[in-house]
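Peer 1: Residue 58 in numbering that gives the first Met the number 0 sits at position 59 of the sequence shown; the count goes up by one each step and never skips.
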Amino acid sequence: MKNWIWTTLLTLLPIAELRGGLPFALIEGNIPWYLAYPYCVLVNALIAPIAYLFLDTAHKLFYKWGFYARLFDRFIEQARKKLSAKVERWEFWGVAIFVGIPLPVTGAWTGTLGAWVLGLSRRQTMLAVLVGAAISGLIVSAIVLLGIEALDLFIGYL
Numbered sequence: 000m001k002n003w004i005w006t007t008l009l010t011l012l013p014i015a016e017l018r019g020g021l022p023f024a025l026i027e028g029n030i031p032w033y034l035a036y037p038y039c040v041l042v043n044a045l046i047a048p049i050a051y052l053f054l055d056t057a058h059k060l061f062y063k064w065g066f067y068a069r070l071f072d073r074f075i076e077q078a079r080k081k082l083s084a085k086v087e088r089w090e091f092w093g094v095a096i097f098v099g100i101p102l103p104v105t106g107a108w109t110g111t112l113g114a115w116v117l118g119l120s121r122r123q124t125m126l127a128v129l130v131g132a133a134i135s136g137l138i139v140s141a142i143v144l145l146g147i148e149a150l151d152l153f154i155g156y157l
């Protein structure tokens with residue numbers, strides 16, 4: 000049970016997300032891949048509604064302040080102008096691929112923030128984060144499982 004809790008916490012952390020939770024589950028948690036993969040993907044996909052709720056609430060609270068409103072409006076306008084053609088073309092798949100690349104700062108938290116800033120719908124963002132988490136989970140699972148097998152093979156030769 001303790002391993003499931005640690006896996007959940009690591010998967011929800013912005014610094015680790017699925018890239019930290021899934022390897023922990025497979026290596027330290029001794030959780031089989033066929034349970035760890037879907038669990039970590041679903042937990043990672045839960046970040047989108049949590050982040051959206053936080054962003055909407057914080058934005059409504061801070062938007063009452065003139066300084067924040069001016070700064071936010073200017074930032075959003077610049078971001079949308081700069082990326083509008085790309086966003087209109089890639090909306091869903093852009094977020095899904097961004098979240099699906101298992102590198103630092105390309106996870107569900109950042110993907111949700113980017114989608115929120117660029118004005119993508121909540122439903123579209125949540126689905127894109129789920130698809131991206133599934134892609135990222137496949138990549139991370141393959142790397143970890145192949146690494147474990149390679150290590151077993153290497154140690155077997157010693």
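Yeah, the Cβ is synthetic: ideal placement off N, Cα and C, and Gly gets one too.
Quick one: give me the first and last residue of the alpha helix (DSSP H) that K1 is part of.
Peer 2: Looking at the DSSP string, the run of the alpha helix (DSSP H) that includes K1 is K1 to L11.
Peer 1: Do V139 and G101 have their beta-carbon atoms positioned less than 7 Å apart in this structure?
Peer 2: It should be noted that the sequence gives Pro, not Gly, for residue 101. Yes.
Peer 1: Under a Cβ-count criterion, where at least 16 other Cβ atoms within 10 Å of its own Cβ denotes burial, should P13 be classed as buried or exposed?
Peer 2: Answer is exposed; the Cβ neighbour count stays below 16.
Peer 1: Relative to the C-alpha of L11, which candidate in D72, P48, L117 and M0 has its C-alpha closest?
Peer 2: Comparing Cα positions, the closest option is P48.
Peer 1: In whole angstroms, give me the CA-to-CA distance for R121 and T111.
Peer 2: Looking at the two C-alpha atoms, the distance is approximately 9 Å.
Peer 1: Just to confirm, are L17 and A141 a CB contact at a threshold of 7 Å?
Peer 2: Cβ distance not < 7 Å, so L17 and A141 don't count as in contact.
Peer 1: Identify every run of the alpha helix (DSSP H) within the segment 106-150, keeping only runs that are complete inside it and at least 4 residues long; order them along the chain.
Peer 2: Whole alpha helix (DSSP H) segments, 4+ residues: 107-116.
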